[in-house]
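First up is the structure itself, then whatever we jot down about it.
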Amino acid sequence: MIVIRDVEHFKVYYPRLTIRACLTLDSLFGDVTAPISTGVVSLENQCLILSLCLQEENLQEDEIYDILDLVDDPIQLIIDLFEEAGLISQDTEQNASEGQETSNNDTLEEDLTFSQHMDKMLESCMQIGMSEEEFMNSTLKQVTRYAETYQHKQRARLEEQAY
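When you read off a place in the sequence shown, starting at 1, and then add 1030, the result is the number in this note's numbering.
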């Protein structure tokens, strides 16, 4: 969990890159990771990403700049937000093994855009009991854990029935 502490105003912020925020980035940039893919994140994009990550706070533009000033390394904060959301991974060994494992799946769904993929995920999640609002306010990593937990429960239930 990422925490930004504003000692001066006695406030704590919990920024999260939700699926709703990811879809917004995807529609603005054509790729959800485009704002960080070059390695240099402009101040304008830092503020945009942070405002998307703090949507429920309903902050004004100058407040976003003030919060950004509280952070020692804003670019690292942005990278951490993307990593926490499950959109990127800084573990190069894990990326290499995941690349080998997912390459077969990618060929099946290579023509899907991020938005289309999220629509399919939403449909699947709604079938297993997650509401659309819960889905949109969750991170990609949280939705994945939710689906995996559901699969484990179903498997355990079926094993119990078979026994």
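Note that beta-carbon positions come from the ideal geometry of N, C-alpha and C, so glycine has one too.
This one's a predicted model, so the numbers in the text were calculated from it and none came from an experiment.
- Task: Just mark VAL1071 as buried or exposed, buried being the case when its beta carbon has 16 or more other beta carbons within 10 Å.
- Result: buried
- Message: Comparing C-alpha positions only, which one of GLU1153, PHE1112 and LEU1073 sits nearest to ALA1177?
- Response: GLU1153
- Put ASP1061 into one of helix, strand or coil per three-state DSSP. coil
- Unbroken beta strand (DSSP E) runs of length 3 or more, entirely within the stretch 1096-1122: which are they? none
- Query: Under a three-way DSSP split, which group does ASP1036 fall into?
  - Reply: strand
- Note the first and the last residue of the continuous alpha helix (DSSP H) segment covering VAL1042. That residue, VAL1042, is in no alpha helix (DSSP H); its beta strand (DSSP E) goes 1041-1043.
- Query: Excluding the five sequence neighbours on either side, which residues of its own chain have a C-beta within less than 8 Å of the C-beta of LEU1084, listed in chain order?
  - Reply: TYR1043, PRO1045, ILE1094 and ILE1097
- Task: Compare the beta carbon distance of ARG1050 and MET1166 with 7 Å and say whether it is the shorter of the two.
- Result: yes
- Item | Which listed residue (THR1143, PHE1144 and ARG1175) has its alpha carbon closest to that of CYS1155 | ARG1175
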